[in-house]
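Asks: Everything in the sequence shown is counted per our numbering, starting at 1 for the first residue and increasing by one.
Glycine residues also receive a C-beta, built at the ideal position from the N, C-alpha and C atoms.
Predicted model only: the values in this text are computed from it and were never measured.
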Amino acid sequence: MTAPVPAFPADFLWGVSASAFQIEGSLTADGRGPSSWDAFTAEPGRVKDGSHAEVATDHYRRYPEDVALMARLGVGAYRFSVSWSRVLPDGHGPVNDKGLDFYDRLVDELCASGIAPVPTLFHWDTPLALEKRGGWLDRNTPQRFADYASVVAERLADRVPMWITINEPAEVTLLGYGLGEHAPGRSLVFDALPAAHHQLLGHGLAVQALRASGARRIGIAASHSPVWAAGDGDDDRAAAELYDTLTNRLFADPVLTGAYPDEGLASLLPGPVAEDLKTISAPLDWYGINYYNPMLVGAPRPATDADTSFGGIEIPADLPFAVRQIEGRELTDFGWPVVPEGLRELLATMRERYGDRLPPLYITENGCSYGDGPDPETGRIDDARRIAYHDGHVRALHQAMTEGADVRGYFIWSILDNFEWAEGYRQRFGLVHVDYETLARTPKASYAWYRDLIKSGR
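Here is the structure:
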């Protein structure tokens with residue numbers, strides 16, 4: 001028998017997460033405009049199973065059923081994202097009231113079920129009209145984003161207790177503009193850095209816009225990982241430090257300290273950077289961390305399979321660092337190592353690095369892909385590996401909190417199996433299984449585990 005999970009504070013927030021493009025479907029319904037991901041998935045070879053998100057899990061039409069699943073789960077919050085192009089089809093200009101009405105109904109449904117709505121304003125799906133003008137490489141996009149934030153807040157702020165501006169700007173920069181593995185499919189490598197700066201500027205401008213519209217408790221959801229040097233040599237340590245700077249500090253330092261981690265790096269960024277940083281570093285009510293696994297990084301070496309791909313992402317062999325596989329760890333079906341103690345290490349690093357500049361934290365994503373399906377005789381989905389994954393991470397989180405980490409909540413990614421970006425439907429992260437032919441929802445054993453965990457803390 002596994003020992004019970006230690007008790008968390010009574011007001012600790014247990015939640016689940018999802019994003020608009022991955023679950024909503026109805027991509028042309030009720031006036032929604034296309035996004036960068038609509039265009040990306042339409043290009044042959046971009047999505048590994050050749051699929052698209054036209055239906056996804058049909059959350060746009062079946063949201064009452066999904067909210068009911070969350071209510072039975074007992075979560076205190078649902079982190080969803082708003083489709084920018086559903087609200088503003090061209091990214092700016094006239095508001096599509098039918099699109100905004102959907103989020104109005106969703107928020108009402110959540111409130112009626114006792115679940116706090118936690119909207120994310122940008123979760124990777126840039127309106128295509130803006131992407132064609134340069135997307136996040138264009139300095140006009142941050143202001144467009146702030147204007148959009150105002151539109152959403154003016155409709156929803158009276159019922160939304162907690163807001164997220166941008167989700168994972170690092171992934172948009174590195175995978176979308178740097179490596180071309182995600183939308184918009186640009187392979188600019190280091191010339192992608194303006195996309196990082198403009199997303200951060202958009203975040204800062206959106207914070208201002210949200211506050212002006214009456215929004216409360218504003219934060220950002222950033223991906224972070226401990227970075228381990230692959231060896232003791234100076235070259236491996238230097239490569240790991242560079243990777244840490246580009247994936248962690250490039251995004252956290254400006255928000256939390258008002259400065260970029262390296263003057264040389266700052267010199268590569270566009271616009272009046274010093275002035276922009278005053279906007280980017282507007283005080284936050286909280287800071288969100290998305291954690292999945294550490295990264296093992298060393299100096300470049302002759303290309304091998306281990307050096308050129310990680311978790312399905314192709315990494316150019318001519319970069320000044322090489323990502324290595326962490327040996328001796330169970331891998332998820334995505335090929336990501338399972339390292340619960342990495343979360344504890346990450347939280348300690350954040351405290352050490354940012355000190356009293358670090359606001360209260362929320363784990364805004366933590367999850368794993370396992371393809372367990374229904375038993376053909378019983379229909380039960382016994383995803384024991386997912387239970388073990390979350391059990392280990394929740395325990396590591398609790399330990400970090402006993403050591404001083406001020407963490408106020410934990411959101412599992414994801415409530416539903418869904419369209420997993422460039423992987424299509426090949427990876428399943430959900431607590432609830434979705435049959436993509438019938439769209440039937442079936443709670444997995446991990447759903448019951450999480451329900452019991454939440455109940456034990458109330």
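(1) Check whether the Cβ atoms of residue 289 and residue 219 sit closer than 7 Å, and answer yes or no.
(2) Give me the Cα-Cα distance between residue 60 and residue 236, rounded to the nearest whole angstrom.
(3) Can you tell me which of the three DSSP states residue 392 falls into?
(4) Can you look up residue 269 in the DSSP assignment and give me helix, strand or coil?
(5) How big is the Cα-Cα spacing for residue 83 and residue 231?
(6) In its own chain, which residues sit with a C-beta less than 8 Å from the C-beta of residue 211, not counting the 5 before and 5 after it?
(7) Flag residue 347 as yes if its beta-carbon sits less than 7 Å from any beta-carbon of chain B, otherwise no.
(8) In angstroms, rounded to a whole number, what distance separates the CA positions of residue 171 and residue 223?
(9) With DSSP as the reference, please indicate the residues paired to residue 163 in a beta bridge.
(10) By the three-class DSSP mapping on this structure, what secondary structure does residue 284 have?
(11) Would you mind sorting residue 301 into buried or exposed? The rule is 16 or more other CB atoms within 10 Å of its CB.
(12) Take the Cβ of residue 369 as the centre, count every other Cβ of all protein chains shown within 10 Å, and call the residue buried at 16 or more, exposed below.
(13) What residue does the beta strand (DSSP E) around residue 59 start on, and which one ends it?
(14) Grab me the residues of residue 437's own chain with a C-beta within less than 8 Å of its C-beta, minus the 5 sequence neighbours each way, in chain order.
(15) In chain order, what are the residue ranges of uninterrupted beta strand (DSSP E) at least 3 long that sit wholly in the stretch 138-220?
(16) At the level of alpha carbons, what is the spacing between residue 14 and residue 395?
(17) Helix or strand or just coil, what does DSSP make of residue 410?
(18) Report all residues from its chain with a CB closer than 6 Å to the CB of residue 57; omit the five preceding and five following residues, and keep chain order.
(19) Would you kindly work out how many angstroms separate the C-alpha atoms of residue 441 and residue 65, rounded to a whole number?
(20) Report the rounded CA-to-CA distance for residue 177 versus residue 3, giving the unit in angstroms.
(21) How is the beta strand (DSSP E) around residue 13 delimited, first residue to last?
(22) Let me check understanding here. Comparing Cα to Cα, which of 427, 413, 428, 420 lies closest to residue 450?
(23) Please state the DSSP three-state secondary structure of residue 334.
(24) Is the stretch 335-350 close to the stretch 281-296, with three or more CB pairs under 8 Å?
(25) Could you have a look at residue 436 and say whether DSSP puts it in helix, strand or coil?
(26) So the beta strand (DSSP E) residue 363 belongs to, where does it begin and stop?
(27) Applying the 10 Å Cβ sphere with the 16-neighbour rule, what's the burial state of residue 248?
Replies: Quick answer:
(1) no
(2) 47 Å
(3) helix
(4) coil
(5) 43 Å
(6) 218
(7) No chain B appears in this structure, which consists of one protein chain only.
(8) 8 Å
(9) 218
(10) coil
(11) exposed
(12) buried
(13) Segment 59-73 is the alpha helix (DSSP H) holding residue 59; no beta strand (DSSP E) there.
(14) none
(15) 163-167
(16) 14 Å
(17) strand
(18) 23, 416, 418, 434
(19) 9 Å
(20) 45 Å
(21) 13-17
(22) 413
(23) coil
(24) yes
(25) coil
(26) 361-365
(27) buried
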